[in-house]
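Here's the structure we're looking at; comments come further down.
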Amino acid sequence: MTSFADLVISLNLVLAGLRLGLKNRQVSEKWVSDVCSYLVAP
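Per numbering that gives the first Met the number 0, the very first residue in the sequence shown carries number 0; after that it's consecutive.
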């Protein structure tokens, strides 16, 4: 179970990853997909 604080932190990390993606899109897409799969995992 993910707490609200953990969710907010995760969203901030994803947004940071997306900003980095403007500089290096390929690496960012893999990083974001890894984070998303982590969030979806039970």
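Heads up, the beta-carbon is just placed ideally off N, CA and C, and yes, glycines get one too.
To the nearest angstrom, how far is it from the Cα of residue i to the Cα of residue j?
| i | j | result |
| --- | --- | --- |
| Arg18 | Lys29 | 14 Å |
| Ile8 | Leu14 | 10 Å |
| Leu6 | Val31 | 14 Å |
| Thr1 | Tyr37 | 11 Å |
Would residue i and residue j be called neighbours here (beta carbons separated by less than 8 Å)?
| i | j | result |
| --- | --- | --- |
| Val34 | Gly16 | yes |
I need the DSSP call for residue i, collapsed to helix, strand or coil.
| i | result |
| --- | --- |
| Ala40 | coil |
| Ser2 | coil |
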